[in-house]
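Student: Got a structure for you, written out below as structure tokens; questions coming shortly.
Protein chains: 2
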Amino acid sequence: MSSITQAEIKQVRSLREKKFRDELGLFVVEGEKLVEEALRSGFEVVRVWRRDEIGEAAMARISQLSTPSPVLAVVSRPAPQGPAVPTGLCLALDGVRDPGNLGTILRIADWFGVETVYVSEDCVELFNPKVIQASMGSVFRVRVVPADLPALARQCRAAGMPVYGTFLDGKDLYRETLSREGLVVMGNEAAGIRPEVAAEVDARLLIPSFGRSGAESLNVAVATAVTLSEFRRR
Amino acid sequence: MSSITQAEIKQVRSLREKKFRDELGLFVVEGEKLVEEALRSGFEVVRVWRRDEIGEAAMARISQLSTPSPVLAVVSRPAPQGPAVPTGLCLALDGVRDPGNLGTILRIADWFGVETVYVSEDCVELFNPKVIQASMGSVFRVRVVPADLPALARQCRAAGMPVYGTFLDGKDLYRETLSREGLVVMGNEAAGIRPEVAAEVDARLLIPSFGRSGAESLNVAVATAVTLSEFRRR
């Protein structure tokens, strides 16, 4: 049985906190499937710890899950990179705060062939363990690029790329003509898209509701899926 | 300050467990918005506890949230009821186990005007606090009816109502003709739709993916939203 030192346990555990993820430039991935995806991806896997090798007690100490998985990897955070000006169909997230939502949105982007997701500075951190888990590996396939969204939207428009956003007073998504490329902006869970970003949106879209009784909104990840589905269907 | 007795605290706390929810026929709702929706709904609200009245310490003891909300209601569980044979567009959930998924699906059903959701016996319990919170009040507007899904699907077909389901080997959802009424079956998070239910499905649908790199699946709530959006758009 290969061993893990106390210092190593301490380091892996420290990655539960954003402060140490930032300082060390590392994050944690757990579970057979996710670790396999990390190894296949372009990300640098610094170390893999297996329960078989370090024992159940040590695994329980380093795991961030309530039921520790059999394998955990420490992965190096890549420098954010991506096209400065979007091409194809891209997403921009304006203040998405919930880690489950961000992870689910990455999975949705991956499914619908959106290669780049721009995130405002106040979005939840990409390497938050809940984001990683909810993304189901899509974090390794979709480029996530921090961006100043108003500036990005202006760049898109200057390049002739339409900028879309969803609003409660937008036009029926099902009846608008949607281009094959463009930037789709999704807003914060409670406040939606900020005014300074909204000001740069060309086409304000609405997902119509069909209930009589009145659900007030859709979850932002769900709204993202319905919107991207509409862009992709032909 | 009106007081809450130790026995009352104990009773409210006991509702964290399914066993006691079943025994007492009660469940808990928290937060201004949800409690207001409970009061406006046809559900019987047995008791409302406010932080202003019982004090912060007592509220912290009865609350199920990590940040206790200012108001908590104890609500009586209604007897499940609903049309024995579906009418309009209905959903059937075959073994949806995650409470967040069930709650989110109810919110989606509410948005898309689906009035009845049939659930198999092995779905997560409707009155699980996480289901209630994730539903954002839709639990009070959408009828949830326990059902034997193979029998229900047979009844639908006998009544001339088509039964749809999503499968990895289904036909492109965007190219199929979808009827205005029907039963849409969504499966378990990992295993999908059980063979005995799948055998009763008339139209096997697939949500196509557009990525090159390969997300393997969509979350079941997200898939439900994309599917219902496609049924409702015209």
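Chains as they are written, first to last, in my numbering: chain A, 1 to 234; chain B, 235 to 468. Note that beta-carbon positions come from the ideal geometry of N, C-alpha and C, so glycine has one too. Computed from a predicted model, the values in this text were never measured in an experiment.
One question on the structure: do A:Ala73 and A:Arg47 come within less than 9 Å of each other, judged by their Cβ atoms?
Tutor: yes
Student: Which residues of chain A have a Cβ atom closer than 9 Å to the Cβ of B:Ile427, listed in chain order?
Tutor: Those do not exist, as B:Ile427 stays about 19 Å from chain A at its closest Cβ, beyond 9 Å.
Student: Quick check on the DSSP output: the beta strand (DSSP E) that includes A:Cys90 runs from which residue to which?
Tutor: Unbroken beta strand (DSSP E) run through A:Cys90: Leu89 to Asp94.
Student: Which residues of chain A have a Cβ atom closer than 7 Å to the Cβ of B:Arg467, listed in chain order?
Tutor: Residues of chain A passing the Cβ test: Tyr174.
Student: By the three-class DSSP mapping on this structure, what secondary structure does A:Gly182 have?
Tutor: strand
Student: Which residues, in chain order, does the region 443–458 of chain B contribute to contact with chain A at a C-beta distance below 9 Å?
Tutor: Ser443, Phe444, Gly445, Arg446, Ser447, Gly448, Ala449, Glu450, Ser451, Leu452, Asn453, Ala455, Val456, Ala457 and Thr458
Student: B:Val474 and A:Ala225: beta carbons closer than 9 Å?
Tutor: Limits of chain B in this structure are 235 at one end and 468 at the other, which puts residue 474 of chain B out of reach.
Student: What residue from A:Gln64, A:Leu126, A:Val45 and A:Ser179 has the CA that sits closest to A:Gly88's CA?
Tutor: A:Ser179
Student: Rounded to whole angstroms, what's the CA-CA distance from B:Val351 to A:Pro70? Just pull it up for me.
Tutor: 37 Å
Student: On the DSSP letters alone, give me the boundaries of the alpha helix (DSSP H) that B:Thr461 sits inside.
Tutor: Looking at the DSSP string, the run of the alpha helix (DSSP H) that includes B:Thr461 is Val454 to Arg466.
Student: Hey, would you say the C-beta of B:Asp286 is under 8 Å away from at least one heavy atom of the ligand NAD?
Tutor: As far as ligands go, the structure on display features none, and thus does not contain the ligand NAD.
Student: Give me the residue from B:Pro312, B:Pro302, B:Asn422 and B:Pro317 with the minimum Cα distance to B:Leu452.
Tutor: B:Asn422
Student: Among B:Leu439, B:Gly426 and B:Trp345, which has the Cα closest to the Cα of B:Glu410?
Tutor: Among B:Leu439, B:Gly426 and B:Trp345, the Cα nearest to that of B:Glu410 is on B:Leu439.
Student: Can a CB atom of chain A be found closer than 9 Å to the CB of B:Trp283?
Tutor: no
Student: DSSP state of B:Phe346, grouped into three classes?
Tutor: coil
Student: Less than 9 Å between the C-beta atoms of B:Val210 and B:Arg331, yes or no?
Tutor: The displayed coordinates of chain B run from 235 to 468. Any statement about residue 210 of chain B would go beyond what the structure contains.
Student: Under a Cβ-count criterion, where at least 16 other Cβ atoms within 10 Å of its own Cβ denotes burial, should B:Arg274 be classed as buried or exposed?
Tutor: exposed
Student: Is B:Val353 helix, strand or coil when you go by DSSP?
Tutor: strand
Student: Tell me the residue span of the beta strand (DSSP E) that contains A:Arg143.
Tutor: A:Arg143 -> beta strand (DSSP E) spans Arg143 to Pro146.
Student: So that I know if they touch, is there some Cβ in chain A lying closer than 9 Å to that of B:Ile243?
Tutor: no
Student: Along the chain, where does the alpha helix (DSSP H) that runs through A:Leu152 open and close?
Tutor: It spans Leu149 to Ala158 - the alpha helix (DSSP H) in which A:Leu152 sits, taken as one unbroken run.
Student: When you compare only the Cα positions, how much space is there between A:Glu230 and A:Tyr174?
Tutor: Near 7 Å, if we compare the C-alpha coordinates of A:Tyr174 and A:Glu230.
Student: Decide if A:Glu17 is buried, meaning its Cβ has at least 16 other Cβ atoms within 10 Å, or exposed.
Tutor: Exposed, because fewer than 16 other Cβ atoms sit within 10 Å of the Cβ of A:Glu17.
Student: Thinking just about the alpha-carbon of each residue, which of B:Ser248, B:Gly265 and B:Lys267 is nearest to the one in B:Gly259?
Tutor: B:Ser248
Student: Using only CA atoms, which one of B:Gln389, B:Val365 and B:Glu355 lies nearest to B:Arg428?
Tutor: B:Glu355
Student: Could you tell me how far apart the beta carbons of A:Val28 and A:Gln64 are, in whole angstroms, since I believe they sit closer than 8 Å?
Tutor: Sure, about 6 Å apart at Cβ, within 8 Å.
Student: Can you tell me whether A:Thr166 is buried or exposed? The criterion is at least 16 other CB atoms within 10 Å of its CB, across all chains shown.
Tutor: buried
Student: So is A:Leu102 buried or exposed if we call it buried at 16+ other beta carbons inside 10 Å?
Tutor: buried
Student: Between B:Ala387, B:Pro380 and B:Ala437, which has its C-alpha nearest B:Gly404's C-alpha?
Tutor: B:Ala437
Student: At least one CB of chain A closer than 9 Å to the CB of B:Thr350: is that the case?
Tutor: no
Student: Alpha helix (DSSP H) containing B:Ala291: first to last residue?
Tutor: Glu290 to Ile296
Student: Check whether the Cβ of A:Thr87 lies closer than 9 Å to any Cβ atom in chain B.
Tutor: no
Student: Among the residues of its own chain, which have a CB less than 7 Å from the CB of A:Pro162, if the five just before and after it don't count?
Tutor: Ser179, Gly182, Asp202 and Ala203
Student: Under three-state DSSP, which class holds A:Asn101?
Tutor: helix
Student: Tell me whether B:Val378 is buried or exposed, calling it buried when 16 or more other Cβ atoms sit within 10 Å of its Cβ.
Tutor: Counting Cβ neighbours within 10 Å, B:Val378 comes out buried, since at least 16 surround it.
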